[in-house]
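Numbering of the sequence shown is given in full-length UniProt numbering, commencing with residue 1 and proceeding in unit increments.
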Amino acid sequence: MSKEWPLWEIFIRGQHGLSHRHVGSLHAPDSEMALKNARDVYTRRNEGVSIWVVESNKIAAFDPDTAEHNFAAPKSKVYRHPTFFEIPDDVGAM
């Protein structure tokens, strides 16, 4: 059995930002300690207004080797191309 604490990924939203960004990782026994440590390590100069901590093993991601398959533009979703919709005359120009 490993005695190492879990690894946590740290995300911080800056004072002028609208989204959180990944700033690093740290080990902590639980989320409360991870938040406290993240505050001390990553927001020493009042850079952030919000902190998220996520246990690394809880993050799901695509395998980078399958990126072509997972992010290819779908060819079967014709509804995304509005060329076959009838536009009523009273709508005017869109």
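Backbone N, C-alpha and C fix where the C-beta goes; we use that ideal spot for every residue, glycine too. Quick caveat, the model's predicted, so the values are computed rather than measured.
Just measuring C-alpha positions, the residue of R45, W8, F62, E86 sitting nearest P29 is W8.
The alpha carbon of E47 has as its nearest neighbour, out of N70, Q15, D40, E32, the alpha carbon of Q15. Ranked by how close their Cα comes to the Cα of V54, the residues D65, F71, H20, A73 have H20 in first place. Taken atom to atom, the span from the alpha-carbon of R45 to that of H27 is near 22 Å.
For A72, same chain residues with a beta-carbon under 7 Å away, outside a window of 5 residues either side, do not exist. The distance from the Cβ of A38 to that of I59 is about 16 Å, inconsistent with a contact at the 8 Å cut-off.
Counting along the chain, S31 sits inside the alpha helix (DSSP H) bounded by residues 31-42.
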